[in-house]
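Participant: Per the working numbering, residue 28 is the first one in the sequence shown, and the count goes up by one each step.
For each residue, glycine too, the CB sits at the ideal point set by N, CA and C.
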Amino acid sequence: MLKYIDTPVTEIHDELFLTAGVRVFIKHEELNHPTVAGNKWWKLKYNLERATTLNHDTLLTFGGAFSNHIYSTAAAANELGLKSIGVIRGEETLPLNETLTFAKACGMHLTYVSREAYRTKTQKEFVDQLTAQFGNFYLIPEGGTNTLAVNGCAEFAREKLPSDFDYVCLPVGTGGTISGIIVGLDGAKEIVGISVLKGGEFLKDEIKKLVWDFSQKEYSNWTLQTAYHFGGYGKKTDDLTRFIERMQEKHSIRLDFVYTGKLLAGIYDLIEKGFYKKGSRILMLHTGGLR
28 MLKYIDTPVT
38 EIHDELFLTA
48 GVRVFIKHEE
58 LNHPTVAGNK
68 WWKLKYNLER
78 ATTLNHDTLL
88 TFGGAFSNHI
98 YSTAAAANEL
108 GLKSIGVIRG
118 EETLPLNETL
128 TFAKACGMHL
138 TYVSREAYRT
148 KTQKEFVDQL
158 TAQFGNFYLI
168 PEGGTNTLAV
178 NGCAEFAREK
188 LPSDFDYVCL
198 PVGTGGTISG
208 IIVGLDGAKE
218 IVGISVLKGG
228 EFLKDEIKKL
238 VWDFSQKEYS
248 NWTLQTAYHF
258 GGYGKKTDDL
268 TRFIERMQEK
278 HSIRLDFVYT
288 GKLLAGIYDL
298 IEKGFYKKGS
308 RILMLHTGGL
318 R
């Protein structure tokens, strides 16, 4: 299987944090693998194990044009000697962006479907059409999110997260990673998700369902912040771009505009608004997405 590299925790020093009386740290999961990095390593771990156990030679999954999951699934399949198919939301746009260029270079076959058709991706009729077109495959849902992904992220929370913090903050796309963190910490700490989707309120119900389906438990030690999408998934504003550039210049922190840039911008704003208790230690989970 894919090798995992243990990752460091570093502190961000900023005048704002001193004024607010909090400390902020980053768990650098973007360094856990050269290409299958961040939370994607954990979300794919047991899906890849299941695929190989069932003797599948092809992975099929779904994502948008900037999907970290598409990028990582293509890389994982290539490393493990598997074929891969990416069902991409929307029309093909040439030249391909960095994400899809890399996926194609890893051997992933890219097929494009309309946004309307993409909304039916979980329906049996749509999956049957894909089977008729491509033959037998192991299906990994959008974002890699299923109970196997929740299991992997719960394992990460139990085994790799340090214990000396009060809050853990992470970006949320499909809800799989935060669901695993919630289950893995089992009621300990406060968990803050930053939705990268415009209109991300629906994710609260998705997360509750994923947590319940996996653990048959309900937890109240988490919140989902939905005001930091900066225009929606895969979109950015000038303010976000300037923030990412400032973090690189001032703190040597590399962020992407799809997930982690929005996450840290949200953390800064919440600190300014007094969301975190004074004296708190805040842990940001860097989930990858760097190219």
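Using a Cβ-Cβ cutoff of less than 8 Å, which residues in the same chain neighbour I280 once the five nearest sequence positions on both sides are dropped?
Facilitator: The residue you call residue 280 lines up with position 253 of the sequence shown. Contacts found: I39, I53, M274 and L291.
Participant: Buried or exposed: where does R146 fall if 16 or more other Cβ atoms within 10 Å of its Cβ makes it buried?
Facilitator: Translated into positions along the sequence shown, residue 146 becomes position 119. Flag for R146 reads exposed.
Participant: With distances taken Cα to Cα, identify the nearest neighbour of T88 among T80, L81, T79 and A101.
Facilitator: Your numbering for residue 88 matches position 61 in the sequence shown. For the residues T80, L81, T79 and A101, the minimum Cα distance to T88 belongs to A101.
Participant: Are K11 and Y98 closer than 9 Å when you measure CB to CB?
Facilitator: Here the chain comprises residues numbered 28 to 318, so residue 11 is not present and cannot be evaluated.
Participant: Assign P189 to one of two classes, buried (16 or more other C-beta atoms within 10 Å of its C-beta) or exposed (fewer than that).
Facilitator: The count along the sequence shown starts at 1 and reaches residue 189 at position 162. With fewer than 16 Cβ atoms within 10 Å of its Cβ, P189 is classed as exposed.
Participant: From G207 to D213, what distance separates their C-alpha atoms?
Facilitator: Numbered from its first residue, the sequence shown carries residue 207 at position 180. Numbered from its first residue, the sequence shown carries residue 213 at position 186. Straight-line spacing of the CA atoms in G207 and D213 works out to 10 Å.
Participant: Y303 and A47: beta carbons closer than 9 Å?
Facilitator: By 1-based counting over the sequence shown, the position of residue 303 is 276. By 1-based counting over the sequence shown, the position of residue 47 is 20. Yes.
Participant: Near Y246, which residues of its chain fall below 7 Å by C-beta distance, leaving aside the five closest residues on each side in sequence?
Facilitator: For the purposes of this step, residue 246 is taken as the residue at position 219 of the sequence shown. So the list reads I209, G214 and V238, once near-sequence residues are dropped.
Participant: Can you check whether the CB of E118 is closer than 9 Å to the CB of L137?
Facilitator: Here residue 137 is taken as the residue at index 110 of the sequence shown, counted from 1. Here residue 118 is taken as the residue at index 91 of the sequence shown, counted from 1. For L137 and E118, no; Cβs fall outside 9 Å.
Participant: Counting along the chain, where does the alpha helix (DSSP H) carrying I294 start and finish?
Facilitator: As a first step, residue 294 must be located in the sequence shown, where it is residue number 267. Unbroken alpha helix (DSSP H) run through I294: T287 to E299.
Participant: Opposite C180 in the DSSP bridges: which residues?
Facilitator: Indexing the sequence shown from 1 puts residue 180 at position 153. Answer is none; C180 lacks a bridge partner.
Participant: Rounded to whole angstroms, what is the Cα-Cα separation between Y194 and L267?
Facilitator: Reading the sequence shown from its first residue, position 167 is the one you call residue 194. Reading the sequence shown from its first residue, position 240 is the one you call residue 267. Their backbone Cα atoms lie some 23 Å apart in a straight line.
Participant: Between S94, A103, L71 and L107, which lies nearest to G179 when the distance is taken from Cα to Cα?
Facilitator: Within the sequence shown, numbered from 1, the residue matching residue 179 stands at position 152. Comparing C-alpha distances from G179 to each of S94, A103, L71 and L107 shows the shortest one belongs to L71.
Participant: For G315, which residues from the same chain have a beta carbon less than 7 Å from its beta carbon, with the 5 sequence-adjacent residues on both sides left out?
Facilitator: Reading the sequence shown from its first residue, position 288 is the one you call residue 315. Same-chain partners within the cutoff: E56, E57, A64, G65, N66, K67 and N95.
Participant: Determine the contact status of E217 and W249, defining contact as a CB-CB distance below 9 Å.
Facilitator: Within the sequence shown, the letter at position 190 stands for residue 217. Within the sequence shown, the letter at position 222 stands for residue 249. For E217 and W249, yes; Cβs fall inside 9 Å.
Participant: Go to T264, then tell me how far its alpha helix (DSSP H) extends in each direction, as first and last residue.
Facilitator: Counting from one through the sequence shown, the residue named residue 264 turns up at place 237. No alpha helix (DSSP H) holds T264; DSSP gives it neither H nor E.
Participant: Taking the CB atoms as reference points, tell me whether K225 and G258 lie closer together than 9 Å.
Facilitator: Here residue 225 refers to the residue found at position 198 when the sequence shown is read from its first residue. Here residue 258 refers to the residue found at position 231 when the sequence shown is read from its first residue. In contact: K225 and G258 (Cβ atoms closer than 9 Å).
Participant: Could you please give me the residues that DSSP links to Q252 through a beta bridge?
Facilitator: On the sequence shown, position 225 is the one that residue 252 refers to. Paired residues: I221.
Participant: Within 10 angstroms of its Cβ, does G91 collect 16 or more other Cβ (buried), or is it exposed?
Facilitator: The residue you call residue 91 lines up with position 64 of the sequence shown. Under this definition G91 is a buried residue.
Participant: Using the Cβ count rule (16 or more neighbours within 10 Å means buried), how would you classify D283?
Facilitator: On the sequence shown, position 256 is the one that residue 283 refers to. Label assigned to D283: buried.
Participant: Given a cut-off of 9 Å on the beta-carbon distance, is the pair I271 and L251 in contact?
Facilitator: Locating residue 271 in the sequence shown gives position 244, counting from the first residue. Locating residue 251 in the sequence shown gives position 224, counting from the first residue. The answer is no: Cβ separation not under 9 Å.
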